[in-house]
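Trainee: Input: one structure, supplied below.
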Amino acid sequence: MGEKNRIYLFDTTLRDGEQSPGVSLNVDEKLEIAQQLARLGVDIIEAGFPIASPGDFQAVKTIAQKVKGPVIAGLCRASRNDIHGCWEAIKYAERPRIHTFLATSDIHLKHKLQTSREDALQQAIDAVTYARSLCPDVEFSAEDASRSDLDYLAQVVEAVINAGAKVVNLPDTTGYAVPEDYGQFIRSIIERVPNIGDTIISVHCHDDLGMAVANSLAGVLGGARQIECAVNGIGERAGNASLEEIIMALYTRKSFYNKEIEVNYQEIYRTSRLVSSLTGMVIQPNKAIVGANAFLHESGIHQDGVLKERSTYEIMSPELVGVFKSNLVLGKHSGRHAFKERLLALGYDLDDTELAKAFAGFKEIADKKREINDDDLEALVKDRVKAVPERFSLEYLHISCGTGVIPTATVKLGIEGKVFQAVSTGDGPVEAACHAVDRITDIYGKMIDYKLHAVTSGKDALGEVLSRIQIEDNVYNGRGLSTDILEASVKSYINAINKYYYEISLRDQD
Ligand code: KIV
Ligand code: ZN
Numbered sequence: 047m048g049e050k051n052r053i054y055l056f057d058t059t060l061r062d063g064e065q066s067p068g069v070s071l072n073v074d075e076k077l078e079i080a081q082q083l084a085r086l087g088v089d090i091i092e093a094g095f096p097i098a099s100p101g102d103f104q105a106v107k108t109i110a111q112k113v114k115g116p117v118i119a120g121l122c123r124a125s126r127n128d129i130h131g132c133w134e135a136i137k138y139a140e141r142p143r144i145h146t147f148l149a150t151s152d153i154h155l156k157h158k159l160q161t162s163r164e165d166a167l168q169q170a171i172d173a174v175t176y177a178r179s180l181c182p183d184v185e186f187s188a189e190d191a192s193r194s195d196l197d198y199l200a201q202v203v204e205a206v207i208n209a210g211a212k213v214v215n216l217p218d219t220t221g222y223a224v225p226e227d228y229g230q231f232i233r234s235i236i237e238r239v240p241n242i243g244d245t246i247i248s249v250h251c252h253d254d255l256g257m258a259v260a261n262s263l264a265g266v267l268g269g270a271r272q273i274e275c276a277v278n279g280i281g282e283r284a285g286n287a288s289l290e291e292i293i294m295a296l297y298t299r300k301s302f303y304n305k306e307i308e309v310n311y312q313e314i315y316r317t318s319r320l321v322s323s324l325t326g327m328v329i330q331p332n333k334a335i336v337g338a339n340a341f342l343h344e345s346g347i348h349q350d351g352v353l354k355e356r357s358t359y360e361i362m363s364p365e366l367v368g369v370f371k372s373n374l375v376l377g378k379h380s381g382r383h384a385f386k387e388r389l390l391a392l393g394y395d396l397d398d399t400e401l402a403k404a405f406a407g408f409k410e411i412a413d414k415k416r417e418i419n420d421d422d423l424e425a426l427v428k429d430r431v432k433a434v435p436e437r438f439s440l441e442y443l444h445i446s447c448g449t450g451v452i453p454t455a456t457v458k459l460g461i462e463g464k465v466f467q468a469v470s471t472g473d474g475p476v477e478a479a480c481h482a483v484d485r486i487t488d489i490y491g492k493m494i495d496y497k498l499h500a501v502t503s504g505k506d507a508l509g510e511v512l513s514r515i516q517i518e519d520n521v522y523n524g525r526g527l528s529t530d531i532l533e534a535s536v537k538s539y540i541n542a543i544n545k546y547y548y549e550i551s552l553r554d555q556d
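Mapped onto the numbering used here, the consecutive letters of the sequence shown carry residue numbers 47 to 556.
What follows is the structure, given as structure tokens:
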């Protein structure tokens, strides 16, 4: 199959995805996601928008330095300052890409940029020319392309190709397009631009009308060869096209699309889970491919059919996307060897220190919970192994609360080998404990989001709390795991405070 049939997967989870309302990831979390995206095998990782903040710059630079395999792209507006800043962050990558953008629709030119079509055309040419003087791989995005005048857009595309753009992206920025129309739009631009040659036309669709994936695939039928998408479909407003849906549509309906992609399918589920847990964006149970119900059959007729022959009601196998359900459970008598073997089967190859930390956590939980299954183990690894260094650790928690009682918490925290204690009250038990933590740490966080979910079913289920804590001007995601939900809540709060502390200590080292 020729090059022209190859579809390039451009993942923007760390840029557009991170623009999801309420999401904010620190450098380590972004690096972890980027490494997982590399394992999944996407072609391009858009690591961020370096000029947006020093934190974004640092994250893009770190990813460029450490993540091998995919092209690493950085986004920048069409100005010399932005482009230069972007290059400074991505230049360390094996294969860097500058992704510069400028709006082309009259609505944006008139109301947002207050510029003319002629001036915008020149600005796009200047931006791409400058970007090419720094980097051999330059992508230009015509923001709001799907609502732009076709003749003008074709003129811009021709000009940026002349200026050196290798990839031209034609986004449906507002999620306004519908599949037939968008597919035809991509086709028309390709037909109208005389110097299109080997230039890769890219699609980038938002999901405001729930059609981002359908529009992206229609764009492919119209001739696009790159799809920009995000894990779990996260992104601005209603989000971007979902990476896992795009991959599985191209795979499952290969006889229809006749396109090639190169990914490690079995990493799909793990990638989705990682992004969900680090961003705190919960996946709806009926979400295609990665939702909890995606491969469950409820009705008797369906169950009967699947037992007789899976293909009666299953068009994809859960194992292909990495959903392995094992009946194996571990318990308090399980040894380190069995524990290690099970983690390996789940794809976690831990070094000795990580394994020791995870095993200690396993023993703690096994004392309280009779059976520990794969979901518990995954939650445990994320909780114990991937955590930032623990400046503050929870040593003791006692809360008294009830009807007519003022919630009062006693907390002991370990700090550098010493134990400190504080007592506080609050409107509720969690608040009382968080206030006590604040008194010890002298760091005052505000809980702006709190989600509790049971990792597995049953009365002794592990509770996982994902919280978002505002400290000064930044927001930190906290995670806490325990069979006791109040303990999980306080651990989640302390985890966010540890992230804050880690970040400022890194800042002080610079
Ligand atoms: O939606 C959009 O137009 C974008 C561009 C910056 C590519 O995100
Ligand atoms: Zn976008």
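Glycine residues also receive a C-beta, built at the ideal position from the N, C-alpha and C atoms.
(1) Where does alanine 211 sit, in a helix, a strand or coil, going by DSSP?
(2) Cβ-heavy atom distance between aspartate 102 and the ligand KIV below 7 Å?
(3) State the Cα-Cα distance for the pair aspartate 190 and threonine 161, rounded to the nearest angstrom.
(4) Quick check: is any heavy atom of the ligand KIV less than 7 Å from the C-beta of aspartate 62?
(5) Considering only heavy atoms of the ligand KIV, does any lie closer than 7 Å to the CB of phenylalanine 147?
(6) How big is the Cα-Cα spacing for methionine 47 and tyrosine 315?
(7) Please name the residue or residues paired with lysine 497 in a DSSP beta bridge.
(8) Methionine 47 by DSSP, collapsed to three states: which one?
(9) For valine 106 versus alanine 84, is the C-beta spacing smaller than 8 Å?
(10) State the start and end residues of the unbroken beta strand (DSSP E) segment that holds valine 57.
(11) So, using beta-carbon positions, are histidine 250 and asparagine 215 closer together than 8 Å?
(12) Which residue wins for smallest C-alpha separation from serine 470, given the options Glu462, Ile461, Glu365, Cys447?
(13) Since isoleucine 517 sits in a beta bridge, which residues does DSSP pair it with?
(14) So for asparagine 541, helix, strand or coil by DSSP?
(15) Using a threshold of 7 Å, is the CB atom of leucine 121 nearer than that to any non-hydrogen atom of the ligand KIV?
(16) Applying the criterion that 16 or more other CB atoms from any shown protein chain within 10 Å of the CB defines a buried residue, is arginine 430 buried or exposed?
(17) With a threshold of 8 Å between beta-carbons, can leucine 60 be considered close to chain D, or not?
(18) So what does DSSP say about tyrosine 442, is it helix, strand or coil?
(19) Could you tell me the distance, in whole angstroms, from the CA atom of glycine 269 to the CA atom of aspartate 395?
(20) Closer than 7 Å to a non-hydrogen atom of the ligand ZN - does that hold for the CB of glycine 281?
(21) Please classify glycine 279 as buried or exposed, where buried requires at least 16 neighbouring CB atoms within 10 angstroms.
Mentor: So, to answer that:
(1) The residue labelled residue 211 in the question sits at position 165 within the sequence shown. Three-state DSSP puts alanine 211 in coil, outside helix and strand.
(2) As a position in the sequence shown, residue 102 is number 56, starting the count at 1. No - the ligand KIV has no heavy atom lying nearer than 7 Å to the Cβ of aspartate 102.
(3) Residue numbering aside, residue 190 sits at position 144 when the sequence shown is read from its first letter. Residue numbering aside, residue 161 sits at position 115 when the sequence shown is read from its first letter. Cα to Cα, aspartate 190 sits roughly 15 Å from threonine 161.
(4) Along the sequence shown, read from residue 1 onward, the residue named residue 62 stands at position 16. It does: the Cβ of aspartate 62 is within 7 Å (strictly closer) of some heavy atom of the ligand KIV.
(5) One-based indexing of the sequence shown puts residue 147 at position 101. True, at least one ligand heavy atom lies under 7 Å from that Cβ.
(6) Taking the sequence shown and counting its residues from 1, one reaches residue 47 at position 1. Taking the sequence shown and counting its residues from 1, one reaches residue 315 at position 269. With a pLDDT of 45 at methionine 47, under the threshold of 50, the modelled position of that residue is not reliable, and no figure is offered here.
(7) For the purposes of this step, residue 497 is taken as the residue at position 451 of the sequence shown. Note: lysine 497 sits in a beta bridge opposite Leu512.
(8) Against the sequence shown, residue 47 aligns to sequence position 1. Low confidence applies to methionine 47: its pLDDT is 45, below 50, so where it sits in the model is not reliable, and the reading given next is rough at best. Methionine 47: coil per DSSP, three-state reduction.
(9) For this step, residue 106 is matched to residue 60 along the sequence shown. For this step, residue 84 is matched to residue 38 along the sequence shown. Taking C-beta atoms as the reference points, valine 106 and alanine 84 fail to come closer than 8 Å.
(10) By 1-based counting over the sequence shown, the position of residue 57 is 11. Position check: residue 57 holds aspartate in this sequence, whereas valine was assumed. Segment 54-57, the beta strand (DSSP E) holding aspartate 57.
(11) Along the sequence shown, read from residue 1 onward, the residue named residue 250 stands at position 204. Along the sequence shown, read from residue 1 onward, the residue named residue 215 stands at position 169. Contact flag set, yes.
(12) Walking along the sequence shown from the start, residue 470 turns up at place 424. Residue Cys447 is the option with its Cα nearest to serine 470.
(13) The residue labelled residue 517 in the question sits at position 471 within the sequence shown. DSSP output for isoleucine 517 lists Asn520 as bridge partner(s).
(14) As a first step, residue 541 is located in the sequence shown; it is residue number 495 there, counting from the start. Asparagine 541: helix per DSSP, three-state reduction.
(15) The residue given as residue 121 occupies position 75 in the sequence shown. Yes; taking the cut-off as 7 Å, the Cβ of leucine 121 has a heavy atom of the ligand KIV nearer than that.
(16) Stepping through the sequence shown from its first residue, residue 430 is reached at position 384. Classification of arginine 430: buried, given that the 10 Å Cβ count is 16 or more.
(17) Going by chain labels, chain D is absent from the structure shown, which holds only one protein chain.
(18) As a working note, residue 442 is residue 396 in the sequence shown. Looking at tyrosine 442 - three-state DSSP - the assignment turns out to be strand.
(19) For this step, residue 269 is matched to residue 223 along the sequence shown. For this step, residue 395 is matched to residue 349 along the sequence shown. Taking the straight line joining both Cα atoms gives about 41 Å.
(20) If you number the sequence shown from 1, residue 281 lands on position 235. Under cutoff, so the answer is yes.
(21) In the sequence shown, residue 279 corresponds to position 233, counting from 1. Flag for glycine 279 reads buried.
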